[in-house]
Amino acid sequence: QVIDLLDGIWDVNEAFADIAQKTKRLARKQMGWFGRDPRIHWLQALSPKLVDNAMAIIAHADAGDYDPIDARADEYTQHHLGDIAA
């Protein structure tokens, strides 16, 4: 996209629109790939405890101790597709 922009094939708006579209497409694919992987923890990005929660997961993973952190994961993680109403 950037090369097409620099070569004058696209204007700035077209380049940014294509970048946004393809980035969203890649993000959806990644959600599908990673969403099925139990090793992936989806953290609440806006949580004030984001770094602490991430570090707790890393510490447990480094220790090879996944179960205790997974049992408490609902406190600070979310489903990979966002909030899901029951």
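Residues in the sequence shown are numbered from 296 upward in steps of one, following the numbering used here. Built from N, CA and C at the ideal position, the CB exists for glycine as well. Owing to the predicted nature of the structure, the values given are computational and were not obtained by experimental measurement.
Backbone secondary structure at residue i - three-state DSSP
i, result
"L338", "strand"
"I352", "helix"
"I379", "Because I379 carries a pLDDT of 41, less than 50, the predicted location of this residue cannot be relied on, and the following value inherits that uncertainty. Residue state, collapsed to three classes: coil."
"K344", "coil"
"I330", "A small correction: the amino acid at residue 330 is Gly; Ile does not occupy that position in the sequence shown. Here G330 sits in helix by DSSP."
"I304", "coil"
"D253", "It is not possible to answer for residue 253, since the shown part of the chain is limited to 296 through 381."
"Q325", "helix"
Among the options, nearest to residue i - alpha-carbon criterion
i, options, result
"I314", "M326, A354, I335, I298", "I298"
"I353", "A340, R320, H336", "H336"
Status (buried if at least 16 other CB within 10 Å, exposed otherwise) for residue i
i, result
"N308", "exposed"
Sequence-distant residues of the same chain with beta carbon closer than 6 Å to residue i, five excluded per side
i, result
"Q296", "A310, D313, I314"
Sequence-distant residues of the same chain with beta carbon closer than 7 Å to residue i, five excluded per side
i, result
"K317", "none"
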